[in-house]
Amino acid sequence: MIPDHIVEEVRARVDLVEVIGEHVPLKRAGKEFRGLCPFHHEKTPSFYVVPAKGFYKCFGCSESGDAFSFLMKRQGLTFNEAIREIAARVGVEIPEETSRQQEEPHRAIYEAIAFAADYYHGQLWDGAAGDRARNYLATRELTRDMAERFGLGYAPDAWRSLREAAHKHGIEDQVLITAGLIKESEKTEEPYDRLRDRLIFPIGDLSGRWIGFGGRVIGRAADGVGKYLNSPETPIYQKGRNLYGLNWSRNAIRREKLAVVVEGFMDYVSLAARGVENVVAGLGTAMTEDQAILLSRYTKQALLLYDSDKAGLKATFKAGDTLLRAGVEPLVVSLPSGEDPDSMVRKGGAQALAPHLAKAVDVLDRKLQILAAQHYFDDIEGIRRALDKLLDTIRAAADPALKDIYVSRVAEKTGVRRETIERELTNRGPVRSVGLSPPGGGKRREQDAAGRRGENVRGAARTEEWASERLLLVLLLRDPDRITDAAKVISLDDLRDPAHRQLYEAMLAHGPLPDEPPATFGLSVAARQRLAELKADPQQILEGDQSFDDAVAGIRVWGLRLTLDELQVRMSLASAQEQEVLYAERQRLVAESRKLGVDMARLGYKVSRYARQGRRKRPGPSAGENG
38 MIPDHIVEEV
48 RARVDLVEVI
58 GEHVPLKRAG
68 KEFRGLCPFH
78 HEKTPSFYVV
88 PAKGFYKCFG
98 CSESGDAFSF
108 LMKRQGLTFN
118 EAIREIAARV
128 GVEIPEETSR
138 QQEEPHRAIY
148 EAIAFAADYY
158 HGQLWDGAAG
168 DRARNYLATR
178 ELTRDMAERF
188 GLGYAPDAWR
198 SLREAAHKHG
208 IEDQVLITAG
218 LIKESEKTEE
228 PYDRLRDRLI
238 FPIGDLSGRW
248 IGFGGRVIGR
258 AADGVGKYLN
268 SPETPIYQKG
278 RNLYGLNWSR
288 NAIRREKLAV
298 VVEGFMDYVS
308 LAARGVENVV
318 AGLGTAMTED
328 QAILLSRYTK
338 QALLLYDSDK
348 AGLKATFKAG
358 DTLLRAGVEP
368 LVVSLPSGED
378 PDSMVRKGGA
388 QALAPHLAKA
398 VDVLDRKLQI
408 LAAQHYFDDI
418 EGIRRALDKL
428 LDTIRAAADP
438 ALKDIYVSRV
448 AEKTGVRRET
458 IERELTNRGP
468 VRSVGLSPPG
478 GGKRREQDAA
488 GRRGENVRGA
498 ARTEEWASER
508 LLLVLLLRDP
518 DRITDAAKVI
528 SLDDLRDPAH
538 RQLYEAMLAH
548 GPLPDEPPAT
558 FGLSVAARQR
568 LAELKADPQQ
578 ILEGDQSFDD
588 AVAGIRVWGL
598 RLTLDELQVR
608 MSLASAQEQE
618 VLYAERQRLV
628 AESRKLGVDM
638 ARLGYKVSRY
648 ARQGRRKRPG
658 PSAGENG
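The sequence shown: position 319 = 356 (the numbering used here), numbered continuously.
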C-alpha cells in the first residue's frame, strides 16, 4: 500500500479542475465549475466541481468523490493506479519499494522488454552491425539526438543474438516467449529472435514503461516481407488498446486540444522530432474503439494525416467513423500529390505542414468532395450508392448536434428528404428506398418545417429509449434469473447504445457479469466503464416485475415512435390517395403500441377526430384534416 502521507501530498497538489476537465467540458459558475455529468446521460448540467474543497458532485445521479475516485470510475483504475497516475502528473515520487510491495504480476515481462530495449539501442550505436541502420536513419535525415529521443534501436541480422544476450543476464526462454521477443517453430529445435535486421521502435505505455516493439525493414521490403513487424499480443501489450507516442505527446495534445494522427512509427518520429509535438500513430491496425476512447481523454478533435491513395482513404474514413463514435471530431488532411507527412517536414519542418493542417476538412465533407469528384451526384442511381457510403458516418456521430448537421448537409447535397435519411439511419444495411427531390425543390421548405415538428418527439423517444435500456440492464445485473426472460422478448438489435448491446450480448452468452469480466467476453473499454456505472447505479427498484415490463415496452416502442413520427411527416406532404394508405399504416402501428400497453396520446401523438368517431375511411386533404 502507498503510505497515507504520500497519498495526502498527491491530493494536496492535484488540480481537480484540470483532471476532470480532460474528460468533461467545464464552465466556471462562481467559485465552482459546472458541466454535463460523465456518469449518466443528461442535457442540463448538474455536475459540479468544487476545487476549494477538492470534490465533485452530480445532483442528477448522486455520483461524488475526489480526483482519485473520478479516475477510478471514469477509467476503471484501481486506487493505487489512480494515485500513481496523478503523482506522475504533479511530480510526487512514489518509491519503488513502497509502490510495489505487492509483487507486480508481470514484472519479469517488463524487465525482459526493458532489457531488449537497451540491447537494441546498443546494437544501433555501439557496433558495426548497426551500420546499415545508421545509414538508413541518415537517408531519412534523422540525427542521433532525434533517434535517441525516442529510444530507437536495431535488431541484428542474426537468428538468436537477443536470446543469447538475455541468457547471459539470467532471462529464461519462457519469459522471452511470453514477452514476444523470441518464438518457437516446429522447424527448429531452439526458439529464435522474432525481430531481425530491423530498425526498432520501442512502444511505451502512459507511465513510460516499455511494453513492446515495432520493427521496420531497413530500405525496401522484399517480396512476402512486411514493412513493419510488431510485437505480438502479450499480458502487458495489446496493440488495439495503445497508441504509439501518446506517452510523449499527450501533454502537447491536451495543450493544443488537437491530435494529429498518422499511420506509422516513422511518420510519428519524423513529425515529433521536427516540431509537430501533438501527434500519435497507430500500431499496425485500423483505429480501434479502445484507441479512440483513449485519445478522447486528451482531445475532442483529431486531424487524420494518412496516405491519399485508395488504401489510405479507406483507412481514413474507417478511423473517422471510429473516432466519431468516441465523441472525437475527425478532420481529414490532404497533402499535394506525391507528398507524405515525412517528406513534407523533411523539406520545411513543421512550418511546411502547418498550412495543410489548417485546411483540414470534416470527414463527412471530405467524403462528399470525393463522391462529387467521382460524379456520384449526377444521377439517381449514383445518389442511392452515395447514401450507402455516407450513412455509416452519420450513424457514427455520437454528438447529437454534429449528427444533425451531418443530416442537413447530406440532405442538401443529395436532395434526399431529411426525414428519409433519418429513417434510414435506424436501418443496418444499404439504402432500400429514398425519396429524391431536386436540391431547392418546391417542397424543401415544407419538408424542413415538418422535420422540425417531429424533432422534440424524436429527442424524447431517444432519451426514454436509453433510460429503458439502462433500467433493463440494471435489473439483469441485480437479478440474473431474468436474463432468460429478457432473451425471449429483446434481441441485440433492439438495443441502440453500443455499450449496452455489448453488455447484453455478454449476459446472453455467459450469464451474470462479474465486476471484472475476463478478456474472453470481448468487452470494450466503454462497455466496461458502463458496467461499472450500472453496478453502482443508486436507484431503488421496488417492483421488479413491473419495472421489467416497463423497460421491455420502452425499448420495443422506440422503433414504433420513430415510424409514427415519420408517417406524420409524410402524411402532411402526401396526396389524398397516399394519405389513405399512410393513415391505415398509422392505425396499425397505434394498435400494435396498445398491445405493448403504451398510450400514444400521452407520448404526443394526436389521435384525429375521425379516429375518435370510429370512421372507417380517412378523408383527403380537401376536408382540411392532416391527422
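Where a beta carbon is used, it is the ideal one built from N, C-alpha and C, also for glycine.
For this session: Count the CB pairs spanning the region 276-291 and the region 157-165 that are closer than 8 Å, and state whether there are at least three.
Result: no
For this session: Could you tell me which of 105, 308, 255, 285 sits nearest to residue 235, measuring between CA atoms?
Result: 255
Exercise. Excluding five sequence neighbours on each side, which residues of the same chain lie with their C-beta closer than 7 Å to the C-beta of residue 434?
Worked result: 361, 440, 443
For this session: Could you check the C-alpha separation between residue 40 and residue 122 for me, to the nearest Å?
Result: 16 Å
Exercise. What residue ranges within the region 405-448 form continuous alpha helix (DSSP H) runs of no fewer than 4 residues, ordered along the chain?
Worked result: 417-433
Exercise. CA-CA distance, residue 534 and residue 592?
Worked result: 11 Å
Exercise. For residue 56, which option in 225, 102, 569 has the closest C-alpha, if you only look at C-alpha atoms?
Worked result: 102
Exercise. For residue 64, which beta-bridge partners are listed by DSSP?
Worked result: 71
Exercise. Going by Cα to Cα distance, which pick from 249, 232, 231, 245 is closest to residue 239?
Worked result: 249
Exercise. What separation, rounded to the nearest whole angstrom, lies between the Cα atoms of residue 333 and residue 359?
Worked result: 11 Å
Problem set entry | Short Cβ contact (8 Å threshold) for residue 218 with residue 199 | yes
Exercise. Is it true that the CB of residue 291 sits closer than 8 Å to the CB of residue 325?
Worked result: no
Problem set entry | Nearest-angstrom Cα separation, counted from residue 409 out to residue 421 | 13 Å
For this session: Counting only the same chain and skipping the five closest in sequence on each side, list residues whose C-beta sits under 6 Å from that of residue 108.
Result: 114, 119
For this session: Could you tell me the distance, in whole angstroms, from the CA atom of residue 581 to the CA atom of residue 514?
Result: 12 Å
Problem set entry | CA-to-CA distance, residue 327 to residue 276, given in whole angstroms | 10 Å
For this session: Tell me, please, whether the region 78-96 touches the region 552-567 by the rule of three or more beta-carbon pairs shorter than 8 Å.
Result: no
Exercise. Does the beta carbon of residue 590 sit closer than 8 Å to a beta carbon anywhere in chain C?
Worked result: The structure shown has no chain C; it contains just one protein chain.
Exercise. Which partner residues does residue 366 have in the DSSP bridge list?
Worked result: 338
Exercise. What is the rounded straight-line gap between the Cα of residue 221 and the Cα of residue 131?
Worked result: 39 Å
For this session: Give the DSSP bridge partners of residue 267, in chain order.
Result: 251
Problem set entry | CA-to-CA distance, residue 77 to residue 525, given in whole angstroms | 28 Å
Exercise. What first and last residue would you give for the alpha helix (DSSP H) that runs through residue 668?
Worked result: In this structure the chain extends from 38 to 664, so residue 668 is not present and cannot be described.
Problem set entry | Buried/exposed call for residue 418, threshold 16 Cβ in 10 Å | exposed
For this session: Measuring alpha carbon to alpha carbon, tell me which of 461, 432, 349, 423 ends up nearest residue 451.
Result: 423
Exercise. Within 10 angstroms of its Cβ, does residue 105 collect 16 or more other Cβ (buried), or is it exposed?
Worked result: buried
Exercise. Relative to the alpha-carbon of residue 95, which residue among 88, 74, 79 has its alpha-carbon at the smallest distance?
Worked result: 74
Problem set entry | residue 230 (DSSP reduced to helix, strand or coil) | strand
Exercise. Where does the unbroken alpha helix (DSSP H) through residue 453 begin, and where does it stop?
Worked result: Taken as a continuous stretch (DSSP letters only), residue 453 belongs to no alpha helix (DSSP H), as it is neither H nor E.
For this session: Give the straight-line distance between the Cα atoms of residue 403 and residue 369, rounded to the nearest whole angstrom.
Result: 7 Å
Exercise. What three-state label does DSSP hand residue 101 in the structure shown?
Worked result: strand
Exercise. Would residue 323 pass as a contact of residue 304 if the rule is Cβ separation under 8 Å?
Worked result: no
Exercise. What is the rounded straight-line gap between the Cα of residue 232 and the Cα of residue 190?
Worked result: 11 Å
For this session: Could you tell me the distance, in whole angstroms, from the CA atom of residue 151 to the CA atom of residue 206?
Result: 12 Å
Problem set entry | Buried or exposed (CB count within 10 angstroms, at least 16 for buried), residue 463 | exposed
For this session: For residue 536, collect the residues of the same chain with a Cβ closer than 7 Å to its Cβ; drop the 5 residues on either side in sequence, then sort them by chain order.
Result: 563, 564, 567
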